[in-house]
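Counting in the working numbering, the sequence shown runs from 4 upward without gaps. Idealized CB from N, CA, C, for every residue including glycine. As the structure is a prediction and not an experimental result, all values here were calculated from the model.
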Amino acid sequence: MAKPAILGGKPAFAPGLKLVDISFSNYEFVFSRMREAMDSSLLTNNGMFVRQFEGALGKKVGVDCVAVANATLGLMLLYKAAGLRGKIIMPSFTFCATAHAAVWAGLEPVFVDIDPETFTIDPSAVEEAIDDKTSAIVGVHTFGNPCDIDRLSSIAKKHDVRLLFDSAHAFGSTYKGRAIGQFGDAEVFSTHATKTLITGEGGFVASADTRIIDYVKRARNFGFDDKNTDTLFCGMNAKMTEMSAILGLDILTGTHNAIEQKGKIAARFRSRLGKLPGISFQKVGSESYHSYCFFGMLIDPVDFGLDRDVLSRALAAENIMTRKYFYPPLHLHSSYKKYNFLKLPNTMNVSENVLCLPIHSKVSAKAADTICDAIETIHRHALDVRNARTD
Ligand code: T4K
Numbered sequence: 004m005a006k007p008a009i010l011g012g013k014p015a016f017a018p019g020l021k022l023v024d025i026s027f028s029n030y031e032f033v034f035s036r037m038r039e040a041m042d043s044s045l046l047t048n049n050g051m052f053v054r055q056f057e058g059a060l061g062k063k064v065g066v067d068c069v070a071v072a073n074a075t076l077g078l079m080l081l082y083k084a085a086g087l088r089g090k091i092i093m094p095s096f097t098f099c100a101t102a103h104a105a106v107w108a109g110l111e112p113v114f115v116d117i118d119p120e121t122f123t124i125d126p127s128a129v130e131e132a133i134d135d136k137t138s139a140i141v142g143v144h145t146f147g148n149p150c151d152i153d154r155l156s157s158i159a160k161k162h163d164v165r166l167l168f169d170s171a172h173a174f175g176s177t178y179k180g181r182a183i184g185q186f187g188d189a190e191v192f193s194t195h196a197t198k199t200l201i202t203g204e205g206g207f208v209a210s211a212d213t214r215i216i217d218y219v220k221r222a223r224n225f226g227f228d229d230k231n232t233d234t235l236f237c238g239m240n241a242k243m244t245e246m247s248a249i250l251g252l253d254i255l256t257g258t259h260n261a262i263e264q265k266g267k268i269a270a271r272f273r274s275r276l277g278k279l280p281g282i283s284f285q286k287v288g289s290e291s292y293h294s295y296c297f298f299g300m301l302i303d304p305v306d307f308g309l310d311r312d313v314l315s316r317a318l319a320a321e322n323i324m325t326r327k328y329f330y331p332p333l334h335l336h337s338s339y340k341k342y343n344f345l346k347l348p349n350t351m352n353v354s355e356n357v358l359c360l361p362i363h364s365k366v367s368a369k370a371a372d373t374i375c376d377a378i379e380t381i382h383r384h385a386l387d388v389r390n391a392r393t394d
């Protein structure tokens with residue numbers, strides 16, 4: 004690649020490489036089940052396919068799983084199910100849903116810093132933030148990289164607070180050989196179209212605690228009793244549809260291979276891009292398996308010669324889509340104005356310099372090499388790229 008596209012060279016990809024590109028395993032499987040659901044005219048309300056999906060999830064994750072309409076509602080239901088009050092500690096470096104769900108559940112989020120290497124919640128910061136109004140800690144397995152679960156568990160135990168995980172990105176990740184989903188009091192996964200296991204919109208709550216599972220099951224269906232006449236408490240509608248479950252059942256059959264493929268692509272990115280100055284990656288603990296829902300890399304603007312935003316624009320010119328997950332960090336969102344004063348240096352550094360590259364089953368080894376070639380070329384022309392006009 005002689006010249007970056009932003010300087011007039013030929014774009015690396017045509018058509019473009021999307022951040023997400025969904026692969027179904029078996030269209031016939033999907034269509035025949037869609038037809039079955041449509042012919043039965045039972046499209047929702049805990050239908051046969053949702054129940055099948057939950058059973059399959061339970062086998063994969065190793066604990067009971069309750070499907071919900073999306074992970075945001077799953078988090079709200081879990082916060083309620085866990086009987087939380089007062090404050091809930093979480094990282095600021097996460098998607099807004101982790102905190103929004105807490106606010107909707109009447110809780111006060113307390114934003115703490117992340118570990119600068121793993122990009123996951125810093126257990127020491129958690130311990131410092133705990134006070135007598137704290138009822139829970141929420142760890143986020145950022146991009147699919149498991150949190151320091153052991154340290155968080157001992158802190159939660161010592162202070163007698165609940166430990167929950169926002170595992171939106173972590174389907175297929177493991178910690179000490181056990182599937183993510185089995186830790187803390189409960190975990191919530193997203194099956195949104197941008198994730199590894201996809202149902203369009205959707206998610207599920209995983210827990211070994213039958214009280215939590217029973218609560219979420221009832222709460223997602225308005226709080227109705229078993230006869231569906233009286234409501235036992237004020238639940239909501241967070242039911243997954245049959246169509247979503249059918250998509251999930253299909254994609255679930257391909258997730259093992261998809262995650263293996265993502266691991267290979269991540270290794271390729273690490274080995275090639277790691278040779279460039281100013282590029283570093285998320286540290287993965289020796290006991291963790293990262294499923295790479297997203298592949299985030301950190302760009303040091305001085306050493307690399309370009310900042311993250313310019314690199315992102317130069318990659319867009321190559322038709323390579325990237326995303327700044329998560330920028331700005333939550334404590335700087337307008338909806339969290341009263342937390343703007345917080346000083347979270349690791350969060351700021353990662354949020355200002357992180358860039359996520361496409362990593363999905365349609366990113367072949369060849370495509371990964373082309374992405375690396377493009378980044379190397381952009382780096383070689385850093386000075387000109389910095390001065391290039393894009394308007
Ligand atoms: N906790 C965490 C840590 C999360 O990251 C999230 C969600 C949640 C909780 C809540 O989960 P859910 O309630 O959503 O189940 C996305 C998603 O909307 C959001 O689900 C996700 N995290 C967040 C990290 O990213 P965007 O705005 O960056 O994605 P969007 O819609 O622009 O899509 C990105 C790319 O995907 C584009 O190339 C288009 C492609 N795409 C997208 C959709 C929706 C497709 O190819 N097909 C599609 O159907 O927010």
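Taking the alpha-carbon positions, what's the residue i to residue j distance?
| i | j | result |
| --- | --- | --- |
| tyrosine 328 | phenylalanine 284 | 14 Å |
| aspartate 169 | alanine 5 | 43 Å |
| asparagine 73 | arginine 389 | 40 Å |
| proline 361 | proline 18 | 14 Å |
| tyrosine 218 | leucine 110 | 18 Å |
| leucine 76 | valine 143 | 16 Å |
| alanine 182 | alanine 171 | 14 Å |
| glycine 257 | lysine 62 | 15 Å |
| threonine 350 | leucine 335 | 11 Å |
| alanine 371 | isoleucine 268 | 6 Å |
| isoleucine 140 | alanine 159 | 7 Å |
| histidine 162 | valine 71 | 30 Å |
| arginine 54 | proline 7 | 50 Å |
| glycine 65 | lysine 21 | 32 Å |
| isoleucine 374 | isoleucine 323 | 8 Å |
| glycine 226 | phenylalanine 98 | 28 Å |
| leucine 314 | tyrosine 330 | 15 Å |
| serine 338 | serine 354 | 18 Å |
| alanine 108 | tyrosine 82 | 7 Å |
| alanine 209 | leucine 167 | 10 Å |
| threonine 47 | asparagine 240 | 11 Å |
Within the present structure, is the beta-carbon of residue i separated from the nearest heavy atom of the ligand T4K by less than 6 Å?
| i | result |
| --- | --- |
| asparagine 73 | yes |
| lysine 21 | yes |
| aspartate 169 | yes |
| glycine 175 | no |
| histidine 293 | no |
| phenylalanine 98 | yes |
| glycine 238 | no |
| glycine 65 | no |
| threonine 101 | yes |
| histidine 195 | yes |
| glycine 187 | no |
| glycine 206 | yes |
| valine 141 | no |
Quick one: residues in its chain with C-beta nearer than 8 Å to the C-beta of residue i, no 5 flanking neighbours on either side, listed in chain order?
| i | result |
| --- | --- |
| aspartate 310 | Ile302, Pro304 and Asn356 |
| leucine 345 | Ser95, Phe114 and His334 |
| leucine 200 | Phe174, Gly175, Phe192, Thr194, Gly251, Ile254, Leu255 and Thr258 |
| threonine 121 | Thr145, Asn148, Cys150, Asp151, Gln285, Lys286, Val287 and Gly288 |
| threonine 213 | Asp67 |
| glycine 281 | Ile302, Asp303, Pro304, Val305, Asp306, Phe307 and Gly308 |
| phenylalanine 52 | Arg36, Ala40, Glu245, Ala248, Ile249 and Leu252 |
For chain B, find out if any of its Cβ atoms is closer than 7 Å to the Cβ of residue i; answer yes or no.
| i | result |
| --- | --- |
| isoleucine 158 | Structure shown: chain B not included; a single protein chain is present. |
Give every residue of the same chain whose Cβ lies closer than 6 Å to the Cβ of residue i, excluding the five residues on either side of it in the sequence, and list them in chain order.
| i | result |
| --- | --- |
| lysine 90 | Glu111, Val113, Lys136 and Thr137 |
| glycine 50 | Glu245 |
| serine 247 | Thr202, Gly203 and Gly205 |
| alanine 84 | Ile215, Tyr218 and Val219 |
| leucine 347 | Ser95 and Asp116 |
| isoleucine 133 | His162 |
Return the chain-ordered list of same chain residues with a C-beta closer than 7 Å to the C-beta of residue i, the five sequence neighbours on each side being excluded.
| i | result |
| --- | --- |
| alanine 391 | Ile9 and Leu10 |
| aspartate 229 | none |
| alanine 275 | It should be pointed out that residue 275 corresponds to arginine in this sequence rather than to alanine. Cβ neighbours of arginine 275 beyond the five flanking positions: Cys375. |
| phenylalanine 56 | Ala70, Ala248, Gly251 and Leu252 |
| glutamate 379 | Leu279 |
| aspartate 387 | Leu10 |
Original post:
Is the region 182-190 touching the region 110-128, taking contact as three or more C-beta pairs under 8 Å?
Top reply: no
Original post:
With a cut-off of 8 Å, do at least 3 Cβ pairs link the region 286-299 to the region 146-161?
Top reply: yes
**OP:** Spell out a yes or no on whether the region 261-272 and the region 233-248 are touching, meaning 3 or more CB-CB pairs, one atom from each, closer than 8 Å.
**Re:** no
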